[in-house]
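Q:
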Amino acid sequence: LQHSNDVSCCRICVITLAEAHPLLQNGKTITSINYQISANCSRLQNKVSGKSKRGAQFLTELAPLCRITSSDGEEYTIYSCIRGRLIEVNENILSNPSILQEKVRNFLAFYLLTFISLLTSVLLFKPSTEGYIAVVLPKFEESKSVTQGLLTQKEYEEVLLKRLNSSSSN
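According to the UniProt record's numbering, the residues represented by the sequence shown are 1 to 170, in order.
1) DSSP on Tyr156, reduced to helix/strand/coil?
2) Cutting at 8 Å between CB atoms, please list the residues of its own chain near Leu59, excluding the five before and the five after it.
3) In this structure, how does DSSP classify Gln57 when only helix, strand and coil are distinguished?
4) So, for Asn96: in the same chain, excluding its five sequence neighbours on each side, which residues have a beta-carbon less than 7 Å away from its beta-carbon?
5) Taking the alpha-carbon positions, what's the Lys53 to Phe140 distance?
6) Can you tell which of Thr16, Gln57, Lys144 and Ser98 has the C-alpha that lies nearest to the C-alpha of Thr77?
7) Once the 5 residues before and after Glu75 are set aside, which same chain residues still bring their CB inside 6 Å of it?
8) Given this structure, state the Cα-to-Cα distance separating Leu160 from Gln153, to the nearest angstrom.
9) Indicate the three-state DSSP secondary structure (helix, strand or coil) for Ile78 in the structure shown.
10) Determine the contact status of Leu24 and Gln101, defining contact as a CB-CB distance below 9 Å.
11) Can you tell which of Ser169, Ser168 and Arg163 has its C-alpha closest to the C-alpha of Ala20?
12) Thr31 to Ser98, Cα distance in whole Å?
13) Which residue marks the beginning of the beta strand (DSSP E) containing Leu86, and which one marks its end?
14) Around the C-beta of Asn92, are 16 or more other C-beta atoms found within 10 angstroms, so that it is buried, or is it exposed?
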């Protein structure tokens with residue numbers, strides 16, 4: 001997920017689990033989340049201050065953010081997938097890991113379709129709201145190139161549909 005703030009002309013990227021992630025499928029239960037990446041690196045030690053986000057850990061696309069363990073013993077490493085500064089990690093999911101798997105009914109704001117406002121209700125996973133994993137701020141000059149390769153929600157849904165159709169035809 002990305003948010004563009006027109007005032008400061010920067011983009012923040014909210015890292016969440018994709019709806020098709022194995023942790024959100026087949027009744028798995030998340031038992032633990034660990035932001036300790038190695039003996040010398042904990043994402044919980046990230047201390048950011050000031051306008052220029054001093055002290056933020058710099059992440060590459062392949063930088064691990066956390067490790068999530070499910071009740072069947074499988075461990076999943078969640079990667080940043082975006083180059084930028086780690087602004088924050090969501091400590092709330094440490095004490096309540098199930099928040100990553102719960103569904104919640106959210107109401108989206110008004111859509112303006114041919115000058116008519118419609119109130120639309122959709123079912124969203126909490127990872128898209130309070131169950132996010134981390135917030136990353138790409139460098140301003142890289143933000144456009146970083147986000148150009150990302151899929152829109154509609155494109156993502158089309159990929160999932162194609163994947164589902166190809167697996168059901170096999």
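Just so you know, even glycine gets a beta-carbon here, dropped at the ideal spot from N, CA and C.
A: Taking the coordinates as given:
1) helix
2) Leu65, Ser80, Ile82, Arg83, Gly84, Arg85, Leu86 and Val136
3) coil
4) none
5) 12 Å
6) Thr16
7) Arg67 and Thr69
8) 11 Å
9) strand
10) yes
11) Arg163
12) 8 Å
13) Gly84 to Val89
14) exposed
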